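Peer 1:
Protein chains in written order, with the numbering used here: chain A, 1025 to 1370; chain B, 1025 to 1370; chain C, 1025 to 1370.
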């Protein structure tokens, strides 16, 4: 059984990563290339020429088509041959590179690696803060050499901040707030509510008000592989609660993990916020700071991946803090099984 | 089934690569060392001491013999022990490193990796332009990380020049000339005849005559793994045709691909010509230029090898332009099967 | 069958290599970390947090305990959980990292990788020159990419010095002295007695006397993986013989090979001597000189390991000079079989 769901939308790239020049990226074990047509719509194609398998990403763009760098076979954006290596030869209509359904939403290019007929854009995970008026959103891309599920585990448990990020964002008081794990509507939520506290400096500066605040952290897992972390503060008495809290300032850390192979994934990370929208330096400063934080996670996760391989007699254990990750993995496993049973029944 | 023929001669090295000091090179999966006796004849021996397997290529030459660097076992050029690690110990006559039959011809050192009794020098591929009076010949060596047959495919189809070598020697008009594939006398020929054309600058300069020319390109595959490419021009009306064309200037690109492993080979490349023989700078200039061209092929071929591994569900497809490579691979496969059937019958 | 004995003591580190900070080292295929308690006793623990397998060697020391860098699980020196990731959570008493019995002796930290109940310090190989009054001892550590048994072979046959160390310590006359191999009391001895010879400069300088000497070299293999090489000279007539020779100056080269994996080992090398004890520069000079000698061995042994892999159809052969290594390997194989039979019977 594969460790990932195939009938699902995965983030292939940030919107700005894909342009006229081909981008090569392996998604769920499948080498693909991505490029934009002249009308800016995105093509996703198997990154192997149907002729002699040379990566098409080494090829030459011509209009909306791509020509292989080896013998010049020209393929249209639908993957079908348009010109043979000898241009005067009649085109064999059966020559075709596999293409994949793509969709752009929430600043990301999404790709569907499974059965194309089931690629309904309504199934794209609802990363609403990335594309809602009144919010601003940006982020970055990182290649990580570990199973994508280790990153999900990491994000669904924020207690690790205390140790992994001891030198940067770690805050021991977070460990003292109770957490609650809820599975609802096919999502997993890990929630912390910290009422009536002093706001930490970052949030004090964002809120621009004195006085005690209510603070929250809500990690939300969405199939097939997204985690949104809802963080913020509101003045005490403004009416905020764990379910509804738009009374103060609010940020959303948006994470998407796209499997590359069993032991590596593409990590798309971003920050959405509904405050200081005109502060164009905010995101740049935040990304610079978060980049260092992120390197701390990368070091831990890649060491964990190697340790799993070096200790084949040992298994990951789940404690109370891991409940979010455990529930997220259960959703993934069930979705994979459901897809397999559906395929077997059909 | 191996992907190469073993009862066959392969180029082990350029003549000048082998001297007194041992040269280590793996031929068809077998680690070998090569060195010259004092009479300049070439020894080929398994590159592993029969005692503790240390590469003999790390050893010390003594006369025509080689002494292992580890314990000093001394082996003669026939591979037989001549002195034990303790010199006064009686020599055990059964101690022997495997040796391989070699032969020098056409500026190359050839080695026979299969059954020694069948190593008839008459079976050495007839690379006649490398050793015919009135011709001059030189070239170089490259290690390539791809299956040797991908290089054969490459050389038996010159249409790739248009795209792979777009920045160097690519000429779109070559695509317009018809090609003809002929299998004859156990060889494969891919032939292009371009009558009554303007000579390109390289050939104009070689021919030293004005006026229209007939031009040819003939790729010839010879078992087990050679490709010669016959190129040149002759004045129109001089009587040249596709079968016989010594009326003008003629060059032969000589290529030999010796398997190292399933995924790598030794590439011996040279240029023979029957013009400007006294221009001692010609070969140096041509090698410098061809070195850049060659790096373009190497990049393509190694990317192709990796793409084959990354796309295990896809297969190489053959189009019309690939007929030369297809026929060459058929000859290889038939020769391997014939050898196996002969072994089974015996 | 494993290539090493598990119910045995192996050197994990020099005493000075282990301190408060964790040292990560894989012993017999098992990733371990080593550190000292506040009382200086040594802890050896599986280098994987029982929670999510992150190497504990990345963790933080707290008193005698270690806290995982990922989620802060705190483990005592007995491997048992002392604090959960959320400090206020009750400790689950079943959470435990495997620990290994250690012992310090002869300047080394020893670890027992097999059944802890059988870890009797009396079974530690008797490297007596490392801790006997009247002797001084020091040395170094090297990681070697070869099967530990290839190093045993190397050390049990000193004839290789002539060729491997031709440029440094090789002495052809050693080849002329007869050797004798003796298996006695579960040890293997390879002995050379060179009576009435001129002392070489090194020993002349150590002995500080003129006149002919008796010289000896005795290689001794001790299970599971030690070799001591007894070397020295005594004045002729002083009564020294091959069994007893404390009448002159004596050195002991002490070697311990701890398997890391099937193809690599930890090599602990030292020199003990009973002369020039106050010459504090002696060891430093000897180590510097021996370091170069040792690099010659490392090059040979790693090339041998690679050659074994590259020539799967060939086997190591044993000649007369290899008898010491052959006997040592027999002791290892018998001890492994005896352990397996004991386990099967129990």
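Just so you know, even glycine gets a beta-carbon here, dropped at the ideal spot from N, CA and C.
Source: prediction; values computed, not measured.
Quick one: what's got a C-beta closer than 6 Å to residue 1093(C)'s C-beta in the same chain, skipping five residues either side?
Peer 2: Walking along the third chain from the start, residue 1093(C) turns up at place 69. Excluding sequence neighbours, residue 1093(C) sits near 1082 and 1083.
Peer 1: Which residues does DSSP list as the beta-bridge partners of residue 1252(A)?
Peer 2: As a working mapping, residue 1252(A) is identified with position 228 in the first chain. Answer is 1244(A) and 1278(A), bridged to residue 1252(A).
Peer 1: Excluding sequence positions up to five away, which residues of its chain have a Cβ less than 8 Å from the Cβ of residue 1233(B)?
Peer 2: Within the second chain, numbered from 1, the residue matching residue 1233(B) stands at position 209. The residues are 1259.
Peer 1: Can you confirm whether the segment 1041–1061 of chain C touches the segment 1357–1367 of chain B when touching is taken to mean that 3 or more C-beta pairs between the two stretches lie within less than 8 Å?
Peer 2: Touching, no, given that fewer than three Cβ pairs across the two stretches are closer than 8 Å.
Peer 1: When we look at the beta-carbon of residue 1265(C) and count the other beta-carbons within 10 Å, is it buried (16 or more) or exposed?
Peer 2: As a working mapping, residue 1265(C) is identified with position 241 in the third chain. Looking at its Cβ environment, which holds fewer than 16 other Cβ atoms inside 10 Å, residue 1265(C) is exposed.
Peer 1: Return the CA-CA distance between residue 1200(C) and residue 1066(C), expressed in angstroms with no decimal places.
Peer 2: One-based indexing of the third chain puts residue 1200(C) at position 176. One-based indexing of the third chain puts residue 1066(C) at position 42. Looking at the two C-alpha atoms, the distance is approximately 47 Å.
Peer 1: Give the DSSP-derived three-state secondary structure of residue 1026(B) in the structure shown.
Peer 2: The sequence position of residue 1026(B) within the second chain is 2, counting from 1. Residue 1026(B): coil per DSSP, three-state reduction.
Peer 1: Output the residue ranges of the beta strand (DSSP E) runs that lie fully inside the segment 1069–1109 of chain C and measure 3 residues or longer, sorted by chain position.
Peer 2: Counting only runs of 3 or more, we get 1084–1086, 1089–1091 and 1105–1107.
Peer 1: Give me the chain C residues within the contact set of residue 1331(A), using Cβ-Cβ distance strictly less than 9 Å, ordered along the chain.
Peer 2: The residue labelled residue 1331(A) in the question sits at position 307 within the first chain. Neighbours of residue 1331(A) on chain C, chain order: 1055, 1071, 1072, 1073, 1076, 1077, 1078 and 1079.
Peer 1: Does residue 1132(B) come out as helix, strand or coil in the three-state DSSP assignment?
Peer 2: Counted from its first residue, the second chain places residue 1132(B) at position 108. Three-state result, residue 1132(B): strand.
Peer 1: Should residue 1245(B) and residue 1278(B) be called a contact, given that it needs their Cβ atoms to be closer than 8 Å?
Peer 2: Sequence index remark: in the second chain, residue 1245(B) carries index 221 (1-based). Sequence index remark: in the second chain, residue 1278(B) carries index 254 (1-based). No, these two residues do not count as a Cβ contact at 8 Å.
Peer 1: Please classify residue 1296(A) as buried or exposed, where buried requires at least 16 other C-beta atoms within 10 Å of its C-beta.
Peer 2: On the first chain, position 272 is the one that residue 1296(A) refers to. Buried is the call here.
Peer 1: Cβ atoms of residue 1290(A) and residue 1167(A): under 8 Å apart, would you say?
Peer 2: Taking the first chain and counting its residues from 1, one reaches residue 1167(A) at position 143. Taking the first chain and counting its residues from 1, one reaches residue 1290(A) at position 266. Going by C-beta atoms, residue 1167(A) is nearer than 8 Å to residue 1290(A).
Peer 1: Could you give the distance in angstroms between the alpha-carbon of residue 1097(A) and the alpha-carbon of residue 1107(A)?
Peer 2: On the first chain, residue 1097(A) is found 73 positions in, with the first residue counted as 1. On the first chain, residue 1107(A) is found 83 positions in, with the first residue counted as 1. Their Cα atoms are separated by approximately 6 Å.
Peer 1: Mapping the DSSP letters down to three states, classify residue 1288(A) as helix, strand or coil.
Peer 2: As a position in the first chain, residue 1288(A) is number 264, starting the count at 1. Three-state DSSP puts residue 1288(A) in a strand.
Peer 1: Is the Cβ-Cβ distance between residue 1324(A) and residue 1188(A) less than 8 Å?
Peer 2: Sequence index remark: in the first chain, residue 1324(A) carries index 300 (1-based). Sequence index remark: in the first chain, residue 1188(A) carries index 164 (1-based). A contact, by the Cβ cut-off of 8 Å.
Peer 1: Residues in the segment 1082–1115 of chain B with C-beta within 9 Å of chain C's C-beta atoms, listed in sequence order?
Peer 2: Residues 1082, 1083, 1084, 1091, 1092, 1093, 1094, 1095, 1096, 1097, 1108, 1109, 1110, 1111, 1112 and 1113.
Peer 1: Please tell me whether residue 1027(B) and residue 1171(B) are closer than 8 Å, where the distance is taken between their beta carbons.
Peer 2: For the purposes of this step, residue 1027(B) is identified with residue 3 of the second chain, where counting begins at 1. For the purposes of this step, residue 1171(B) is identified with residue 147 of the second chain, where counting begins at 1. Result yes, Cβ atoms of residue 1027(B) and residue 1171(B) sit closer than 8 Å.
Peer 1: What are the residues of the segment 1172–1185 of chain B that lie near chain A, defined by any Cβ-Cβ distance shorter than 9 Å?
Peer 2: If the cut-off is 9 Å between Cβ atoms, the segment 1172–1185 of chain B has 1174, 1177, 1178, 1181, 1183 and 1184 near chain A.
Peer 1: Residue 1266(B) CB to nearest chain A CB: under 8 Å?
Peer 2: If you number the second chain from 1, residue 1266(B) lands on position 242. By this cut-off, residue 1266(B) is not an interface position.
Peer 1: When you compare the segment 1223–1233 of chain C with the segment 1132–1141 of chain C, are there three or more beta-carbon pairs, one atom per stretch, that lie closer than 8 Å?
Peer 2: These segments do not touch.
Peer 1: Under the DSSP definition of a beta bridge, which residues are partnered with residue 1060(B)?
Peer 2: Within the second chain, residue 1060(B) is the residue found at index 36, counting from 1. Answer is 1066(B), bridged to residue 1060(B).
Peer 1: If you measure beta-carbon to beta-carbon, which residues of the segment 1344–1367 of chain B are closer than 9 Å to chain A?
Peer 2: Those would be 1344, 1345 and 1346, in chain order.
Peer 1: At 7 Å on the CB atoms, spell out the chain C contacts of residue 1338(A), in chain order.
Peer 2: The residue labelled residue 1338(A) in the question sits at position 314 within the first chain. Those within 7 Å of residue 1338(A) in chain C are 1072 and 1077.
Peer 1: How about residue 1124(B): is its C-beta nearer than 8 Å to some C-beta of chain A?
Peer 2: By one-based count along the second chain, residue 1124(B) stands at place 100. Not an interface residue.
Peer 1: So for residue 1138(A), helix, strand or coil by DSSP?
Peer 2: Counting from one through the first chain, the residue named residue 1138(A) turns up at place 114. Here residue 1138(A) sits in coil by DSSP.
Peer 1: Comparing alpha-carbon positions, which option in 1068(B), 1076(B), 1356(B) and 1261(B) lies nearest residue 1089(B)?
Peer 2: As a first step, residue 1089(B) is located in the second chain; it is residue number 65 there, counting from the start. For residue 1089(B), the nearest C-alpha among the options comes from 1068(B).
Peer 1: Return the first residue and the last residue of the alpha helix (DSSP H) that residue 1225(A) is part of.
Peer 2: As a working note, residue 1225(A) is residue 201 in the first chain. Here the alpha helix (DSSP H) through residue 1225(A) covers 1225–1231.
Peer 1: Within 8 Å (strictly less), CB to CB, does residue 1037(A) reach chain C?
Peer 2: The count along the first chain starts at 1 and reaches residue 1037(A) at position 13. It does not; no Cβ of chain C falls within 8 Å.
Peer 1: Name, please, each residue of chain B whose Cβ falls closer than 9 Å to the Cβ of residue 1324(C).
Peer 2: Counting from 1 along the third chain, the entry for residue 1324(C) is found at position 300. Simply 1078, 1082, 1093 and 1094.
Peer 1: Would you list the residues sitting across from residue 1204(B) in a DSSP beta bridge?
Peer 2: Residue 1204(B) sits at position 180 when you count from the first residue of the second chain. DSSP, once it has assigned bridges, lists 1215(B) as partnering residue 1204(B).
Peer 1: With H, G and I counted as helix, E and B as strand and the rest as coil, what does DSSP make of residue 1038(C)?
Peer 2: Looking up residue 1038(C) in the third chain gives position 14. Strand, per DSSP.
Peer 1: Does DSSP put residue 1295(A) in a helix, in a strand, or in coil?
Peer 2: Position 271 of the first chain, counted from the first residue, corresponds to residue 1295(A). Residue 1295(A): strand per DSSP, three-state reduction.
Peer 1: Is the shortest distance between the beta-carbon of residue 1251(B) and the beta-carbons of chain A less than 8 Å?
Peer 2: Sequence index remark: in the second chain, residue 1251(B) carries index 227 (1-based). False, the Cβ-Cβ gap to chain A never drops below 8 Å.
Peer 1: Just the C-alpha distance for residue 1284(B) and residue 1294(A), rounded to the nearest angstrom, thanks.
Peer 2: Locating residue 1284(B) in the second chain gives position 260, counting from the first residue. Locating residue 1294(A) in the first chain gives position 270, counting from the first residue. Residue 1284(B) and residue 1294(A): Cα-Cα distance of roughly 48 Å.
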